[in-house]
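The next block holds one structure in the form of structure tokens; read it before the comments.
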Amino acid sequence: MAGVVGLMWLLEVIDTIAGGALDSLGIHSWSLQGLWQIFTAPWLHHGWAHLAGNTIPLLVLGWLVLVDSTRTWVASGLVITVCSGLAAWLGSGPGTVTLGASGIIFGWLTFLLVKGVFTRSIGDVVLAVIVFLVYGGVLWGILPGATGISWQGHLGGAIGGVLAAWLLTRREREQRRSRRQALAERPAGASW
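Residue numbers for the sequence shown follow the numbering used here, so the first one is 1 and each next one is one higher.
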């Protein structure tokens, strides 16, 4: 995670030196050119304050997802990036350029919040409670509010986090269903 955030900081240094030229790699709403930029926009930010505001939540939430597995981190990150980017592309006014990792932050937040519901793991539920107590207040960011903030990207990221949690916990849900079915089919009085 430190390498990912370090790359974002390096890109902001380059962007500052280049007079903001990298900002053109943000998502350009309603432009076919803007679609591929769904994958470049999270790496770039509208200045140092924007990047600084995203750094700690991205490190913390990203690390909590990465602890599960690299596969979970990559797969959830891709699902969230696409959902957040498409929401920003479709939901923002024409000509709007969206940058930043906050869609991924909202996605990893909701991923961690709902994963325990899908896995029914006590560890995941406890983690969700802790994450909610620390970061739950930012969920208001999925609603329209301040000018210049992509609530559309935040909402899309949050939806992507729920979708990623559902997709990536399929095996656990199927195993739980099989155990329940085996218990239901067990003859009365039989012991295991």
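In this text, a Cβ means the ideal position worked out from N, Cα and C, and glycines have one as well.
By the Cβ-count criterion, Thr96 is buried, with 16 or more other Cβ atoms from all chains shown falling within 10 Å of its own Cβ. The Cβ-Cβ distance between Thr81 and Pro42 falls below 8 Å.
In this structure Gly100 touches His46 by the C-beta definition: roughly 7 Å separates them, less than 8 Å. By the Cβ-count criterion, Thr98 is buried, with 16 or more other Cβ atoms from all chains shown falling within 10 Å of its own Cβ. The shortest C-alpha to C-alpha distance from Ala88 to any of Thr72, Gly160, Arg176, Trp151 is the one to Trp151. Look at His46 here: in three-state DSSP terms it is coil, with no helix or strand label.
If you draw a straight line from the Cα of Val4 to the Cα of Leu35, it is about 22 Å long. Listed as beta-bridge partners of Ile27 by DSSP are Thr98.
Here Val114 really is in contact with Val162; their C-beta atoms are around 5 Å apart, less than 8 Å. The straight-line gap separating the alpha-carbon atoms of Ala2 and Thr40 is approximately 18 Å.
A contact is defined here as three or more CB-CB pairs under 8 Å, and the region 126–142 meets this definition with respect to the region 58–73. Apart from sequence neighbours up to five positions away, the residues of its chain that approach Phe106 with a beta-carbon distance below 6 Å are His154, Gly157, Ala158, ordered along the chain. Of the residues assessed, Gly148 falls on the exposed side of the cut-off, its CB having fewer than 16 other CB atoms within 10 angstroms. In this structure, Ser92 sits away from Gly160, with a CB-CB distance that is not shorter than 8 Å.
Within a 10 Å sphere around the beta-carbon of Gln37 sit 16 or more other beta-carbons, which makes this residue buried.
Secondary structure of Met1 (DSSP, three-state): coil.
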